[in-house]
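Okay, structure first, notes after.
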Amino acid sequence: MPELPEVEVVRRGLETAVSGRTIAAIRVLDSRVLQRHPGGADDFATAGAGRTIQAPRRRGKYLWLPFADGDALVAHLGMSGQFRVDDAGQPLPTHCRVVFEFADGGPQLRYVDQRMFGRLWLSADGAEGPVELAHIAADLFDPLLDRNALVATIRSRTSGIKRVLLNQEIVSGIGNIYADEALWAAKLHYETAAHRLSPSRVHQVLDAATTVMTAALAEGGTSFDALYVNVNGSSGYFGRSLTVYGRADLPCLRCGRPLVREPFMNRSSYRCPRCQPPSGVVGR
DNA sequence: ACTATATCCTGTATGC
DNA sequence: TGCATACAGGATATAG
């Protein structure tokens, strides 16, 4: 699922494919993708035409395409959103929801989304940072991130550490996969109360998250089930490198004990029962 | 202010 | 073969 590294791969692909190009027309094939656009689908298509795209930017899992006039197109890929760049003559992919045509007649930009959790919208004056993203915290790759302040914020929370890592208002970009990978690397149980962690332990798990996401980015992102692809339609290879996520019953790569999958927040958490035992759990 | 849970959405896999 | 259920999970609304 697209987390920070996957979104960054998409951002880089868009930077090459659409920077400097002017949108000629937008075709909306499924308006649900635009339910976050204030004027709805028709307004999105009308208002988006004629805009010239500048270098795409990202915070956490959000992308935005700044326009030369100061507005922006904001995108969140949800679980299964993809941007594809294809020649107009190519057949539309299954689940294609929005098509962007360009004034230069070159390849189209297509937004594809099977599970329909992704959203696109136009943000007035959003080029330097959409106001709708004001609540999204800096991510671990942000040069302006205040790491010590982040550690203090994390340590002020009583929730389990994984909930805190997944809270995009505290630190953005981390999703279920990289949270589990970071917690395994830091040998922490996901329910360990954040306020019971020492500053160095919090630094350790943040360092682990940074390391695993850096490695994933270098391999073009994680592809777990082919729903995530770059703008060319090819998958990342990092799925081969995951140490715990999706490896229930397989041996821990550190100690050999079978890994476990447990229900967590209507999804799953994976951990090693020996390396990541319950300790300092919320409510205990 | 903080915490926790339900909800949205659809294709695939699994069980009976 | 067909039907039902579980599962994937990010962000938000809502309840506590």
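For the first sequence, position 238 matches number 1215 in the working numbering, and the numbering has no gaps at all.
Glycine residues also receive a C-beta, built at the ideal position from the N, C-alpha and C atoms.
In this text the structure is predicted, and so the values were computed from the model without any measurement.
Label residue i either buried or exposed according to how many other C-beta atoms from any shown protein chain fall within 10 Å of its C-beta, with 16 as the threshold for buried.
| i | result |
| --- | --- |
| V995 | buried |
| D1020 | exposed |
| N1153 | buried |
| L1121 | exposed |
| M1242 | exposed |
| P1043 | buried |
| D1048 | buried |
| C1232 | exposed |
| G1017 | exposed |
| R1087 | buried |
| E985 | buried |
| V1108 | exposed |
| G1260 | Any reading at G1260 must be qualified, since the residue scores a pLDDT of 46, below 50, and its modelled position is unreliable; no value is offered. |
| Q1067 | exposed |
| E1146 | exposed |
| L1236 | buried |
| R1178 | buried |
| A1065 | exposed |
| A1115 | buried |
| A1193 | buried |
| A1111 | exposed |
| A1045 | exposed |
| L1227 | exposed |
Leaving out five residues on either side along the sequence, give the residues of the same chain with a beta carbon under 7 angstroms from the beta carbon of residue i.
| i | result |
| --- | --- |
| L1230 | T1220 |
| R989 | none |
| R968 | Missing from the structure shown is residue 968; the chain here goes from 978 to 1261 and no further. |
| P1070 | R1061, R1087 and V1089 |
| R1134 | V1141, A1171 and H1172 |
| E992 | A1032 and P1033 |
| S1218 | A1192 and E1196 |
| Q1181 | A1163 |
If you measure between the beta carbons of residue i and residue j, is that distance less than 8 angstroms?
| i | j | result |
| --- | --- | --- |
| Q1085 | H1072 | no |
| Y1167 | R1248 | yes |
| A1185 | A1156 | no |
| Y1039 | I1113 | yes |
| V1075 | V1010 | yes |
| I969 | R1036 | Residue 969 is absent from the structure shown; the chain starts at 978 and stops at 1261. |
| P1250 | R1234 | yes |
| V1189 | A1162 | yes |
| G1197 | L981 | no |
| W1041 | A1032 | no |
| R1124 | P1176 | no |
| L1165 | Q1253 | yes |
| V1005 | A1022 | yes |
Using a Cβ-Cβ cut-off of 6 angstroms (strictly less than) and excluding sequence neighbours within five positions of residue i, which residues of its own chain qualify?
| i | result |
| --- | --- |
| T1187 | L1117 |
| E1239 | S1246 |
| E1078 | A1001, A1002 and Q1085 |
| F1094 | G1055 and M1056 |
| P1255 | H1166 |
| S1008 | A1018 |
Leaving aside the five residues before and after residue i along the sequence, list all residues of the same chain whose C-beta is less than 8 angstroms from its C-beta, in chain order.
| i | result |
| --- | --- |
| A1195 | none |
| D1081 | R998 and T999 |
| L1143 | I1151, G1152, N1153, A1156 and M1242 |
| D1119 | R1036 |
- Answer yes if the stretch 1120-1131 comes into contact with the stretch 1093-1107, meaning at least three C-beta pairs across the two stretches below 8 angstroms, and no otherwise. Output reads no: the stretch 1120-1131 does not touch the stretch 1093-1107.
- Item | Validate contact between the stretch 1137-1152 and the stretch 1160-1176 using beta carbons, cut 8 angstroms, 3 pairs | In short, these stretches touch, since the Cβ pair count reaches three.
- What are the complete alpha helix (DSSP H) segments, minimum 4 residues, inside the stretch 1004-1057? If only complete runs of 4 or more residues are kept, the stretch 1004-1057 shows the alpha helix (DSSP H) at 1017-1025, in order along the chain.
- Kindly provide the ranges of any alpha helix (DSSP H) runs that are 4 or more residues long and lie completely inside the stretch 1133-1202, ordered along the chain. Within the stretch 1133-1202, complete alpha helix (DSSP H) segments of at least 4 residues are found at 1138-1143, 1153-1162 and 1176-1195, given in chain order.
- What are the complete beta strand (DSSP E) segments, minimum 3 residues, inside the stretch 1076-1105? Listed in chain order, the complete beta strand (DSSP E) runs (minimum 3 residues) inside the stretch 1076-1105 are 1085-1090 and 1096-1100.
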